[in-house]
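2 protein chains.
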Amino acid sequence: MSLIVQKYGGSSVSDAESIKRVAKRIVATRRAGNDVVVAVSAMGDTTDDLLDLAHQVAPIPEPRELDMLLTAGERISMALLAMAIENLGHDARSFTGSQAGMITDAQHGAARIVDVTPVRVREALDEGAIAIVAGFQGFNRGTGDITTLGRGGSDTTAVALAAALDADICEIYTDVDGVFTADPRVVHRARKLDRVTSEEMLELAASGAKVLYIRAVEYARRHGVTLHVRSSFNNNEGTIVYNPTEPGRDENGVPVEEPIIAGVAHDLTEAKITVVGVPDIPGKAAQIFNIVAKSGANIDMIVQNVSAAATGLTDISFTLPKSDAQAVLTALTVERDQVGFSTLQHDDQIGKLSLVGAGMRTNVGVSAQLFTALFEAGINIEMISTSEIRISVVTRADMLNDAVRAVHSAFGLDGEAEAVVYAGTGR
Amino acid sequence: MSLIVQKYGGSSVSDAESIKRVAKRIVATRRAGNDVVVAVSAMGDTTDDLLDLAHQVAPIPEPRELDMLLTAGERISMALLAMAIENLGHDARSFTGSQAGMITDAQHGAARIVDVTPVRVREALDEGAIAIVAGFQGFNRGTGDITTLGRGGSDTTAVALAAALDADICEIYTDVDGVFTADPRVVHRARKLDRVTSEEMLELAASGAKVLYIRAVEYARRHGVTLHVRSSFNNNEGTIVYNPTEPGRDENGVPVEEPIIAGVAHDLTEAKITVVGVPDIPGKAAQIFNIVAKSGANIDMIVQNVSAAATGLTDISFTLPKSDAQAVLTALTVERDQVGFSTLQHDDQIGKLSLVGAGMRTNVGVSAQLFTALFEAGINIEMISTSEIRISVVTRADMLNDAVRAVHSAFGLDGEAEAVVYAGTGR
Numbered sequence: 009m010s011l012i013v014q015k016y017g018g019s020s021v022s023d024a025e026s027i028k029r030v031a032k033r034i035v036a037t038r039r040a041g042n043d044v045v046v047a048v049s050a051m052g053d054t055t056d057d058l059l060d061l062a063h064q065v066a067p068i069p070e071p072r073e074l075d076m077l078l079t080a081g082e083r084i085s086m087a088l089l090a091m092a093i094e095n096l097g098h099d100a101r102s103f104t105g106s107q108a109g110m111i112t113d114a115q116h117g118a119a120r121i122v123d124v125t126p127v128r129v130r131e132a133l134d135e136g137a138i139a140i141v142a143g144f145q146g147f148n149r150g151t152g153d154i155t156t157l158g159r160g161g162s163d164t165t166a167v168a169l170a171a172a173l174d175a176d177i178c179e180i181y182t183d184v185d186g187v188f189t190a191d192p193r194v195v196h197r198a199r200k201l202d203r204v205t206s207e208e209m210l211e212l213a214a215s216g217a218k219v220l221y222i223r224a225v226e227y228a229r230r231h232g233v234t235l236h237v238r239s240s241f242n243n244n245e246g247t248i249v250y251n252p253t254e255p256g257r258d259e260n261g262v263p264v265e266e267p268i269i270a271g272v273a274h275d276l277t278e279a280k281i282t283v284v285g286v287p288d289i290p291g292k293a294a295q296i297f298n299i300v301a302k303s304g305a306n307i308d309m310i311v312q313n314v315s316a317a318a319t320g321l322t323d324i325s326f327t328l329p330k331s332d333a334q335a336v337l338t339a340l341t342v343e344r345d346q347v348g349f350s351t352l353q354h355d356d357q358i359g360k361l362s363l364v365g366a367g368m369r370t371n372v373g374v375s376a377q378l379f380t381a382l383f384e385a386g387i388n389i390e391m392i393s394t395s396e397i398r399i400s401v402v403t404r405a406d407m408l409n410d411a412v413r414a415v416h417s418a419f420g421l422d423g424e425a426e427a428v429v430y431a432g433t434g435r
Numbered sequence: 009m010s011l012i013v014q015k016y017g018g019s020s021v022s023d024a025e026s027i028k029r030v031a032k033r034i035v036a037t038r039r040a041g042n043d044v045v046v047a048v049s050a051m052g053d054t055t056d057d058l059l060d061l062a063h064q065v066a067p068i069p070e071p072r073e074l075d076m077l078l079t080a081g082e083r084i085s086m087a088l089l090a091m092a093i094e095n096l097g098h099d100a101r102s103f104t105g106s107q108a109g110m111i112t113d114a115q116h117g118a119a120r121i122v123d124v125t126p127v128r129v130r131e132a133l134d135e136g137a138i139a140i141v142a143g144f145q146g147f148n149r150g151t152g153d154i155t156t157l158g159r160g161g162s163d164t165t166a167v168a169l170a171a172a173l174d175a176d177i178c179e180i181y182t183d184v185d186g187v188f189t190a191d192p193r194v195v196h197r198a199r200k201l202d203r204v205t206s207e208e209m210l211e212l213a214a215s216g217a218k219v220l221y222i223r224a225v226e227y228a229r230r231h232g233v234t235l236h237v238r239s240s241f242n243n244n245e246g247t248i249v250y251n252p253t254e255p256g257r258d259e260n261g262v263p264v265e266e267p268i269i270a271g272v273a274h275d276l277t278e279a280k281i282t283v284v285g286v287p288d289i290p291g292k293a294a295q296i297f298n299i300v301a302k303s304g305a306n307i308d309m310i311v312q313n314v315s316a317a318a319t320g321l322t323d324i325s326f327t328l329p330k331s332d333a334q335a336v337l338t339a340l341t342v343e344r345d346q347v348g349f350s351t352l353q354h355d356d357q358i359g360k361l362s363l364v365g366a367g368m369r370t371n372v373g374v375s376a377q378l379f380t381a382l383f384e385a386g387i388n389i390e391m392i393s394t395s396e397i398r399i400s401v402v403t404r405a406d407m408l409n410d411a412v413r414a415v416h417s418a419f420g421l422d423g424e425a426e427a428v429v430y431a432g433t434g435r
């Protein structure tokens with residue numbers, strides 16, 4: 009008997025009919041002889057509707073109360089899902105984050121899991137029941153208060169339960185068929201990946217692929233949880249996200265031939281800020297990024313141009329989420345005389361393309377091939393950054409889709425048939 | 009400094025605007041120098057909407073899961089109310105039934121309070137915060153599960169908190185101005201009562217007055233909690249429901265002149281069943297009402313006609329909620345030969361009028377005056393039952409409103425002006 013953790017996103021439980029459909033799938037998994045634990049998100053747009061209400065009564069809702077409010081969403085979906093399963097003749101029991109032992113710190117709205125003690129979930133399984141756990145929510149022991157895990161929290165709930173219960177697999181159900189070599193809405197010949205390493209998945213997620221949240225992948229990687237990303241709308245096999253025992257081997261130590269490139273991710277959510285005319289003396293970069301850090305912004309790529317010896321000045325560019333740009337511009341402007349730069353440039357018309365693949369580590373020439381492909385497609389590169397298994401480049405925003413298609417083709421990723429494209433993203 | 013518990017029903021918090029209005033009223037009470045604890049119901053039709061959803065996924069929802077589902081309603085309203093108060097610059101903290109220490113038995117859907125330990129509510133008050141508690145919900149220690157208190161549960165939550173915290177008063181906010189001498193929609197000259205004893209309120213509630221639920225009044229009476237039933241839509245004084253220290257004295261032992269009659273209640277929700285041709289031998293009534301009790305029905309009035317000596321047979325009539333009638337008819341039919349009656353009659357066109365007043369106890373002639381008033385209005389009486397402070401009569405359903413008006417007038421209850429009539433009932 010296997011223990012399977014399944015996660016269903018809001019689009020998979022958007023109304024009574026879809027809840028009944030998901031209930032059938034869960035019962036089928038149980039009847040196939042598996043123990044089943046389910047983490048479920050709030051129905052469809054419930055969370056957004058509750059947020060709307062909150063902003064109607066208070067422009068800046070109190071974080072503790074906002075968490076109390078939002079957790080009502082999963083409470084509704086999990087209770088309905090448990091009822092629907094009971095109605096199919098199978099014992100089911102729903103548990104809040106607190107009842108399921110999802111212990112977090114006290115950071116309302118973005119709490120981090122500090123311990124998982126799913127005693128009641130285990131009891132329910134031992135009694136033959138299917139356990140339904142509210143995604144996205146936790147409980148702080150110190151304050152006794154309810155918390156939420158932030159964006160993608162239900163994925164994290166599922167992975168954390170899978171780790172704590174030593175599950176055989178954690179299935180992430182969404183409204184797409186799995187992880188693709190590129191966004192099928194941009195690259196019509198994008199292929200579904202059968203397998204991808206958690207390291208690659210992490211880079212893909214960090215580079216704009218929306219099918220899984222970084223935090224959940226990180227958690228899965230750290231705790232050795234194997235994920236299966238698949239659609240709740242069909243029975244197709246999805247994508248296995250696995251943790252290699254060592255490079256070139258799969259999660260069971262069996263040798264595998266790793267493709268050099270897993271996929272191409274793209275991201276239109278970042279802006280670029282350039283600090284122009286920075287004195288080229290030691291400590292200036294540190295000074296600038298301390299100011300940026302204090303404003304709470306998350307920096308992504310950084311490029312410092314070679315100093316023009318004649319002037320003794322240099323330019324420093326960095327990318328960051330568009331939503332953080334204004335705060336950073338303000339913070340830097342305040343400290344302008346202190347730092348001694350001349351002007352700030354703000355560019356929110358950039359796009360980022362990332363090529364990700366574990367095989368890249370042992371394969372020289374990938375960058376050259378990437379730059380050639382972009383050059384041949386007539387696309388200018390504005391910034392470059394690399395990790396061991398990723399190369400990212402910044403282009404003009406309006407050239408990004410062309411860039412993704414050109415690179416996808418150049419690395420031989422195009423499939424035979426057109427990928428099926430869905431409307432939503434399964435969040 | 010007084011401690012005031014306030015309860016707001018669903019119609020008082022039906023949307024963001026009304027939540028903001030209620031928040032202002034709560035803050036005003038706090039700023040007047042009182043400690044404030046609030047019990048709040050789910051917004052408007054939330055509970056009905058959730059019930060609809062439940063029945064869409066399962067014809068007979070599992071009771072544990074139904075409670076889990078329905079408690080989402082108060083979670084939403086209480087968090088929004090706390091945010092709205094914080095937004096007015098006052099500290100507020102919301103608590104679920106479990107967090108507020110509302111300990112119940114494990115009877116899902118109709119749990120009874122077994123203990124109230126509002127430690128966190130008290131802490132919040134000590135720290136100067138306004139405490140917002142989810143009405144209607146509790147927590148069972150044995151199972152660790154969430155429960156609900158059943159119909160009118162938020163009133164009960166408020167009263168139980170007032171008792172446990174030794175509050176000075178428990179204000180029940182609704183959409184009518186208080187308790188009236190009769191339903192203002194039937195008797196246009198019905199008067200709002202300034203004061204009524206909890207004993208009278210209990211009889212009025214049990215006789216069909218909808219402004220307060222019996223269980224809450226019972227709880228208030230048993231624990232000596234003074235209630236103030238008033239409108240959340242204006243600042244008028246409502247009706248004080250008090251516990252006399254002894255007959256003829258108020259809650260503080262001050263002598264009061266009690267009116268003979270507090271009011272006239274009416275009820276169209278009952279049906280009458282007559283068991284015809286019962287052998288007039290000892291034990292037959294017990295046999296019949298054992299069968300009725302087993303079917304789970306709540307009997308109200310019982311009348312046994314004098315036996316016709318010649319036949320040795322008698323008829324037994326009783327009233328019960330219309331919704332229970334079919335189950336009782338079936339149960340009796342099954343046992344017909346065993347009991348030995350001839351036929352069953354089912355009448356769902358009856359109405360019940362009840363005259364309630366603590367002064368009735370020491371005042372002879374009230375029944376005679378009641379029967380005279382009904383006779384003069386041309387209304388036939390089909391059944392009669394009495395308690396120490398109540399007389400109830402059954403009439404034809406279509407004569408009930410006329411009967412209520414006639415009796416209201418005959419006992420001098422008519423006010424000078426027409427009562428303001430509202431659409432809802434504040435549930």
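Here the protein sequences line up with chains A and B, keeping their order. Sequential numbering from 9 applies to the first sequence in our numbering. Sequential numbering from 9 applies to the second sequence in our numbering. The beta carbon of each residue, even a glycine, is placed where N, CA and C say it ideally should be.
- Taken in chain order, the complete alpha helix (DSSP H) segments of 4 residues or longer contained in the stretch 161–224 of chain B are 161–172, 206–214.
- Following the DSSP letters along the chain, one finds A36/A inside the alpha helix (DSSP H) bounded by residues 24–39.
- Note on E254/A: under 16 other CB atoms within 10 angstroms of its CB, so exposed under the neighbour-count rule.
- Sequence-distant partners of I93/B (beyond 5 residues in either direction) whose C-beta falls short of 7 Å from its own C-beta, in its chain, are A31, I34, V35, A100, I138.
- With its beta carbon at least 9 Å from every one in chain B, A118/A lies outside the interface.
- Restricting attention to A114/A, D323/A, K15/A, P71/A, the CA atom closest to the CA of M86/A is found in K15/A.
- Contact annotation: the stretch 109–118 of chain A does not touch the stretch 38–46 of chain A, with fewer than three C-beta pairs closer than 8 Å.
- By the neighbour-count definition (other C-beta atoms within 10 Å, threshold 16), K302/A is an exposed residue.
- By the CB criterion at 9 Å, L61/B and L88/A fall inside the cutoff.
- Here DSSP, grouped into helix, strand and coil, assigns T338/A to helix.
- The shortest C-alpha to C-alpha distance from S162/A to any of E131/A, I358/A, G97/A, V219/A is the one to V219/A.
- Residue nearest to A270/B within the set A80/B, G105/B, V141/B, R398/B is R398/B (criterion: CA-CA distance).
- When beta bridges are read from the DSSP output, P263/B appears opposite R257/B.
- The three-state reading of DSSP puts M391/B in strand, counting E and B together.
- Taking one beta carbon from each stretch, the stretch 414–426 of chain A and the stretch 279–294 of chain A have fewer than 3 pairs nearer than 8 Å; the two do not touch.
- The stretch 12–27 of chain B and the stretch 386–396 of chain A do not touch, with fewer than three beta-carbon pairs separated by less than 8 Å.
- D191/B sits close to A217/B, with the two beta carbons spaced by under 9 Å.
- The C-beta distance from I324/A to A293/A rounds to 6 Å, short enough to fall under 8 Å.
- Closest in C-alpha terms to D288/A, from the list F349/A, R344/A, L74/A, comes F349/A.
- Annotation for F147/B: the continuous beta strand (DSSP E) segment containing it runs 145–147.
- Contact annotation, T319/A with M391/A: C-beta distance approximately 22 Å; criterion of less than 8 Å not satisfied.
- Contact note: G152/A reaches chain B through Q107, R128, using a C-beta cutoff of 8 Å and chain order.
- By the neighbour-count definition (other C-beta atoms within 10 Å, threshold 16), S331/B is an exposed residue.
- Interface with chain A (9 Å Cβ-Cβ cutoff): L169/B is excluded.
- Under the Cβ distance rule, L61/B counts among the residues neighbouring chain A, one pair being separated by less than 9 Å.
- Among the residues facing chain B, E278/A is not included, as its CB has no counterpart in that chain under 9 Å away.
- In this chain, A142/B is not harboured by any alpha helix (DSSP H); it is covered by the beta strand (DSSP E) spanning 138–142.
- At a cut-off of 9 Å between beta-carbon atoms, V342/B makes no contact with chain A.
- Here A273/B is bridged, per DSSP, to S362/B.
- Cβ-Cβ distances below 8 Å link T205/B to V249, Y250, N251, P252, E266, A270, A366 in the same chain, with the five nearest sequence neighbours on each side left out; the list follows chain order.
- Beta-carbon to beta-carbon, V194/B and N388/B are separated by about 19 Å, too far to satisfy the 8 Å threshold.
- Residue range 43–48 is occupied by the beta strand (DSSP E) that includes A47/B, with no alpha helix (DSSP H) assigned at that position.
- Short of 8 Å from the beta carbon of P69/A, and not among the five residues preceding or following it, lie these beta carbons of its own chain, in chain order: A62, H63, L77.
- In the DSSP assignment, R404/A forms a beta bridge with I358/A.
- Under the Cβ criterion of 9 Å, T79/B is counted among the residues facing chain A.
- Nearest to G150/A by alpha-carbon distance, out of R230/A, V48/A, V122/A, R83/A, is V122/A.
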